[in-house]
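Since the structure comes first, as structure tokens, the remarks are kept for the end.
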Amino acid sequence: MSLNMNFSANTKETINDELSRLSDFSKIYYLERLIHEKKDIAVKRFCHNKLAIIYLDKGMYSKAAENVEAMARMATSYDEKIKAFINEIKLLVRGADYQKAEAILEKVLSISSPLRKIELRKEFIRIYKDMAGELERDMKRGSSLQIYERILKLGDEIDKREARERLLILYLALGKMQEYNRMKGSG
């Protein structure tokens, strides 16, 4: 496989030229090998970014998130690092890996100022709400229900009230009468 690949590429242009000739799985092999062989951080970040895009196109959200996390580790500024972590969280939520997304959120919050923590928590809940809404539109009520249950634990009072309203509707639609009655009685 590697006989026809140019592993001496050191610029984004030469890497892109090489990628244009390869199939997706050959691109993955090529980029992963470049990451392991190259010392230049800019080239590694570029390769991780390309890998994240390929994995995202293939629906492999956890692999895409791994590459975004690698980019976050290489970030030089605080804002760049936070942006990469938020992108990783979005991918993990899309891939239904909510525990890992919440763990990444905790990592981000640990390096943030108190004011920024509030903003990041709101952004995280918004990511959850967007995904839950998308799942509901796609008639994936059970998956949407899981997210609203997480919002109920993590959100502020307004978010919790909205989540409770959505959960009541979903419990009823899914025939989960015990959960519906329990929530109706406590709310």
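For any residue, its number in this note's numbering is found by taking its place in the sequence shown, counting from 1, and adding 3. Note that the Cβ used here is the ideal one computed from N, Cα and C, for glycine as well.
In terms of CA proximity to ALA12, TYR33 leads the group PHE127, TYR33 and ASP141.
Between the region 137-145 and the region 158-168 there are fewer than three C-beta pairs closer than 8 Å, too few to call the two in contact. For ASP20, the secondary structure class from DSSP, reduced to helix, strand or coil, is helix. The residue from ILE114, GLU16, LYS53 and PHE49 with its alpha-carbon nearest to that of ASP27 is LYS53. Here DSSP, grouped into helix, strand and coil, assigns SER29 to helix. When the beta-carbon positions are compared, ALA55 and ALA45 stay at least 8 Å from each other. Per the C-alpha coordinates, the member of ASN90, GLY178 and MET8 positioned closest to GLU105 is ASN90. Taking each of MET186, PHE49 and SER65 in turn and checking the Cα distance to ALA99, the smallest one comes out for SER65. Per DSSP, reduced to three states, the secondary structure at LEU59 is helical.
Per DSSP, reduced to three states, the secondary structure at ILE114 is coil, with no helix or strand assignment.
In the DSSP assignment, SER147 falls within the alpha helix (DSSP H) that extends over 144-157.
In the structure shown, SER65 falls within a helical segment according to DSSP collapsed to helix, strand and coil. Around the CB of ILE18, 16 or more other CB atoms lie within 10 Å, so the residue is classed as buried.
With respect to the 8 Å criterion, TYR81 and ASN70 are not classified as neighbours on the basis of their beta carbons. Within the same chain, and ignoring the five residues on either side of HIS51 in sequence, the residues whose Cβ sits closer than 7 Å to its Cβ are ILE38, ASN70, ALA73 and MET74.
DSSP places ALA87 in the uninterrupted alpha helix (DSSP H) bounded by 81-97. The continuous stretches of alpha helix (DSSP H) do not include MET8, and DSSP gives it neither H nor E.
ASP133 carries a helical assignment under DSSP once its states are collapsed to helix, strand and coil.
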